[in-house]
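Notes for the one structure printed next.
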Amino acid sequence: MTTRKTADDLRSARWFAPDDLRSFGHRSRMMQLGYGEADFHGKPVIGILNTWSELNTCHSHFRARAKDVARGVLQVGGLPVEMPSLSVDESFTKPTSMLYRNMLAMETEEMIRSHPLDGVVLMGGCDKTTPGLVMGAISAGVPMIYLPAGPMLRGNYAGRILGSGSDAWKYWDERRAGNITDQEWIGLQGGIARSAGVCMTMGTASTMTAIADAMGITLPGASSIPAVDANHQRMGAECGRRIVEMVWEDLTPDRIITEGAVRNAAIVAMATGCSTNAVVHLIAMARRAGIALTLDDLDALGRTTPLIANVRPSGKDYLMEDFYYAGGLRALMKQIEDRLDCGALTVTGKTMGENLEGAVVYNDDVIRPLSNPVYHEGSLAVLKGNLCPSGAVIKPAACDPRFHVHEGPALVFDSYPEMKAAVDDETLEITPDHVMVLRNAGPQGGPGFPEWGMLPIPKALIKQGYRDMLRISDARMSGTSYGACILHVAPESFVGGPLALLKTGDIVRLDLPNRRLDMLVPDEELAARKAAWTPPEPRFERGYGWMFERHVTQADQGCDFDFLQTDFGRSAGEPDIF
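Counting from 436, one number per residue, gives the positions in the sequence shown under the working numbering.
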């Protein structure tokens, strides 16, 4: 039987318990905030790390949800304290929110370590907030529970159900083809995202919250609840109640995020039709927990895990709201229960297997049985070859199968503006067999690894009726995107990876069944090009960006800062209090 903590064991007791001058100062400042000693003395102090902002549409309900969490904390004798955290939204943060994921992780870790917090509820959901918050909390090491923002309601316009992101790309191509009027375009803009919450496709946000759920750091099935459903409010309050108990139980992240939990998260990601971004974030989260997850590990799981969530963009017909009412993530995990480590401990204090008891699929077209998958393998595949010796990723289920084995001449662009000008040129000489390539868009080159990887189909091909072609970049793409896009080419071109040596006209070959991506250029020619290559000028000369480009790892290693990884060295530990 686990020994429960006493009030004297609380981390916050270092601030409030001793009868000396330092605790006098801390207690008096608490009284300045309007608290009496009965409010905080001997009680778990729970930090509610809230990534709300007025520009983060995904989290626009978090002001209210923080109050639901606080209600739960108070009900079981804790003291809730809301702590504003960096809100790295995907919609407005430029050049990319990925540039600031590690900043959020650093802020989270140091905010927890430097304040009298016994446990934390992490409020996130928009793409980079899940990994950023979780990475920081893992390193801080106090009990934590993750509260997912939840997906928005399904979009709707003129009787059509719309999926955020996915249908934006789809209808933009039709707009460029001249098939959509100004009035229709305005109607689509107003109907595609019509409530608080993250993208309701299985994009990066829903992928990452599902990963957190499968890793055991959310309440069971919490990732599926729509943001504006009353069940989400109740879940918020339950997070508040549960984190207080986790503090007394000393249920810390190292007991939950094990190799089994990470494997569960990877398998579930593949079964849901996950975003390609899952690769980068899951590797980074695992390595913060001291688990050496690799691209090869993920590819091996992808080869054997069927895709059973019929949710766009990898699925065809449904959105996250449908997924929730079909049974949600618990029901999907129940379908693949025999593939999971059901003995893995979760934030409930119970095992994953116990959490899945009673889960039911209510619509087997949304959550498919293993006998009728959406796609016979998982969502992602990892490629290797002389274009990507450290790896690249592709989403096979979301692209036309005719590109799974393809050979064609490269059309290479060194910048997004150069590429954009070309694709808008209706006289561009290009065929559907060409391979479009964008480089200098990786972690250092972007800068920050932006979502530029879904290169627009050139107008010259759009006008002929084409809607897909093979595209390659060292960038990422939105998890709501689709198409024959090869991403995360590593090492990136900006640091001299082989993609920097490719020239327009070179023949590129993709062999997806054999996981190969190569440029058909002789080795001696590549050696000559490498010798003549000149490194580009650094993007930053000062500030956070300067630190970022000197310490960020490549895509295959998770893009964490090298000095934040577990094997870099020990942290300073608990702060001195004098």
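We treat Cβ as the ideally placed atom computed from N, Cα and C, and that holds for glycine.
All figures in this text were calculated on a predicted structure; none of them were measured in a lab.
{"Query": "What separation, rounded to the nearest whole angstrom, lies between the Cα atoms of Asp734 and Met889?", "Result": "21 Å"}
{"Query": "For the beta strand (DSSP E) that contains Phe848, what are its first and last residues?", "Result": "840–848"}
{"Query": "Excluding the 5 residues preceding and the 5 following Ser630 in the sequence, name in chain order all residues of the same chain whose CB lies nearer than 7 Å to its CB.", "Result": "Met587, Leu588, Ala662, Val663"}
{"Query": "With C-beta atoms as the reference, is Pro515 less than 7 Å away from Ile483?", "Result": "yes"}
{"Query": "Under the three-state reduction of DSSP, which class applies to Thr687: helix, strand or coil?", "Result": "coil"}
{"Query": "Looking at C-alpha atoms only, which residue of Glu842, His839, Val872, His841 is the closest neighbour of Lys1021?", "Result": "Outside the shown range of the chain, which is 436 to 1013, sits residue 1021, and nothing can be said about it."}
{"Query": "How is the alpha helix (DSSP H) around Asn712 delimited, first residue to last?", "Result": "712–723"}
{"Query": "Compare the C-alpha of Ala724 against each of Gly507, Ile573, Ile802 and name the closest.", "Result": "Ile573"}
{"Query": "Please report the distance separating the alpha-carbon of Phe848 from that of Trp968.", "Result": "16 Å"}
{"Query": "Please name the residue in Ala1007, Ser710, Thr939, Val930 whose C-alpha comes closest to that of His986.", "Result": "Val930"}
{"Query": "Report the option in Leu896, Asp732, Glu545, Tyr979 whose CA atom is closest to the CA atom of Val577.", "Result": "Glu545"}
{"Query": "Quick one: complete alpha helix (DSSP H) runs, 4+ long, within the segment 597–649?", "Result": "601–611, 617–626, 639–649"}
{"Query": "Can you give me the start and stop residues for the beta strand (DSSP E) that Met854 sits inside?", "Result": "From DSSP, Met854 is part of no beta strand (DSSP E) but of the alpha helix (DSSP H) over 851–858."}
{"Query": "Pull up the distance between the alpha-carbon of Gln384 and that of Ala925, whole angstroms please.", "Result": "Because the chain spans 436 through 1013 in this model, residue 384 falls outside it and cannot be assessed."}
{"Query": "So Asp995 packs on Ala719, CB below 8 Å; how close in whole Å?", "Result": "4 Å"}
{"Query": "Which residue wins for smallest C-alpha separation from Tyr592, given the options Asp608, Leu582, Gln618?", "Result": "Gln618"}
{"Query": "Spell out the partners DSSP gives Gly482 in its beta bridges.", "Result": "Val516, Val555"}
{"Query": "Between the alpha carbons of Arg462 and Glu472, how many angstroms are there, rounded?", "Result": "8 Å"}
{"Query": "Residues in its own chain within less than 7 Å of Val795 by CB, not counting five upstream and five downstream?", "Result": "Gly762, Ala766"}
{"Query": "Nearest CA to the CA of Tyr901: which residue from Thr441, Asn712, Lys605?", "Result": "Lys605"}
{"Query": "Between Leu582 and Leu557, which are expected to be in contact by the criterion C-beta below 8 Å, what is the C-beta distance as a whole number of angstroms?", "Result": "7 Å"}
{"Query": "Considering only their Cβ atoms, is the gap separating Gly820 from Leu936 smaller than 7 Å?", "Result": "no"}
{"Query": "Tell me which residues share the same chain as Arg610 and place their Cβ nearer than 8 Å to its Cβ, disregarding the 5 neighbours each side in the sequence.", "Result": "Trp620"}
{"Query": "If we require 4 or more residues per run, which alpha helix (DSSP H) segments fall completely within the segment 894–942?", "Result": "894–897"}
{"Query": "Starting from Met889 and walking both ways along the alpha helix (DSSP H), at which residues does that stretch end?", "Result": "It is not in any alpha helix (DSSP H) - Met889 carries neither H nor E in the DSSP assignment."}
{"Query": "Using three-state DSSP, classify Val782 as helix, strand or coil.", "Result": "coil"}
{"Query": "Determine the extent of the alpha helix (DSSP H) in which Arg951 is found, giving its start and end residues.", "Result": "Here Arg951 belongs to no alpha helix (DSSP H); instead the beta strand (DSSP E) covers 951–954."}
{"Query": "Can you tell which of Gly675, Val809, Glu680 has its C-alpha closest to the C-alpha of Cys709?", "Result": "Val809"}
{"Query": "In this structure, does DSSP put Gly813 in helix, strand or coil?", "Result": "coil"}
{"Query": "Contact between the segment 675–685 and the segment 742–752: three or more CB pairs below 8 Å?", "Result": "no"}
{"Query": "Let's test the definition: count the other Cβ atoms within 10 Å of the Cβ of Arg464 and tell me whether it reaches 16, buried, or not, exposed.", "Result": "exposed"}
{"Query": "On the three-state DSSP scale, how would you describe Met436?", "Result": "Model confidence at Met436 stands at a pLDDT of 49, short of 50, so the residue's coordinates are unreliable; what they give is reported in the following sentence. Residue state, collapsed to three classes: coil."}
{"Query": "Excluding sequence positions up to five away, which residues of its chain have a Cβ less than 6 Å from the Cβ of Trp834?", "Result": "At residue 834 the sequence reads Cys, which differs from the Trp that was named. These residues qualify, in order along the chain: Gly918, Ala919."}
{"Query": "Hey, is the segment 811–830 in contact with the segment 702–716, meaning 3+ C-beta pairs nearer than 8 Å?", "Result": "yes"}
{"Query": "Please identify the residue among Val715, Thr531, Thr639, Gly512 whose C-alpha is closest to the C-alpha of Met570.", "Result": "Val715"}
{"Query": "Quick check: the Cα distance between Ile897 and Gly600, rounded to an integer number of angstroms?", "Result": "19 Å"}
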